[in-house]
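Residue numbers (our numbering): -13 to 144.
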């Protein structure tokens, strides 16, 4: 199962298929957290997970008590990139893109760019690896905070 964990300062638990929103770690300063929670897969981002990240961010943006969202990863890294093992990368994407060559790239890029349309800042808190899709998610955030052990970018093949 694909999960992100969302920490909410003032909300009751909201149920998604792959997200848990809770108030048990509330902060008084308006900070809300999203934790990519698939450490056994190094937080590989599937299409359903990407959809839920974007839905959670939109929910945070509408919440008057939230001032900023911080996205981080559970376990040893932020994200190893897109989950290429789950299949269906174009099944129910969060953003529509015209079919044809480049459809996957356009809809993936457009979905992350939608973060720029939010009124409240989003911070990526990176430790370990942030590869490919993890790099794209971090790049779409307003601020990226990297630990000393962080590596961000695209793996080389060939």
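Built from N, CA and C at the ideal position, the CB exists for glycine as well. Please read all numbers here as calculations on a predicted model, not as lab measurements.
task = Spell out the partners DSSP gives residue 177 in its beta bridges.
result = Past the edges of the chain, shown from -13 to 144, lies residue 177, and the structure says nothing about it.
request  = Within 10 angstroms of the Cβ of residue 93, are there 16 or more other Cβ atoms? Answer buried if so, exposed if not.
outcome  = It is buried - the Cβ of residue 93 has at least 16 other Cβ atoms within 10 Å.
message = I'd like the span of the alpha helix (DSSP H) that includes residue 40, first residue to last.
response = 33 to 48 is the span of the alpha helix (DSSP H), which, as asked, contains residue 40.
query = In or out: residue 69 buried (at least 16 other Cβ within 10 Å) or exposed?
reply = Of the other Cβ atoms in all chains shown, 16 or more fall within 10 Å of the Cβ of residue 69; this residue is therefore buried.
message = Closest to residue 55 by C-alpha separation, out of 122, 63 and 105, would be which residue?
response = Of the listed residues, the one whose Cα sits closest to residue 55 is 105.
inquiry  = Mapping the DSSP letters down to three states, classify residue 146 as helix, strand or coil.
reply    = Only positions -13 to 144 of the chain appear in the structure, and residue 146 is not among them; the question remains open.
key: Beta carbon of residue 63 nearer than 7 Å to that of residue 131   = It is not a contact, given that the beta carbons lie outside the stated cut-off.
Endpoints, the beta strand (DSSP E) within which residue 58 is located = For residue 58, the enclosing beta strand (DSSP E) starts and ends at 54 to 59.
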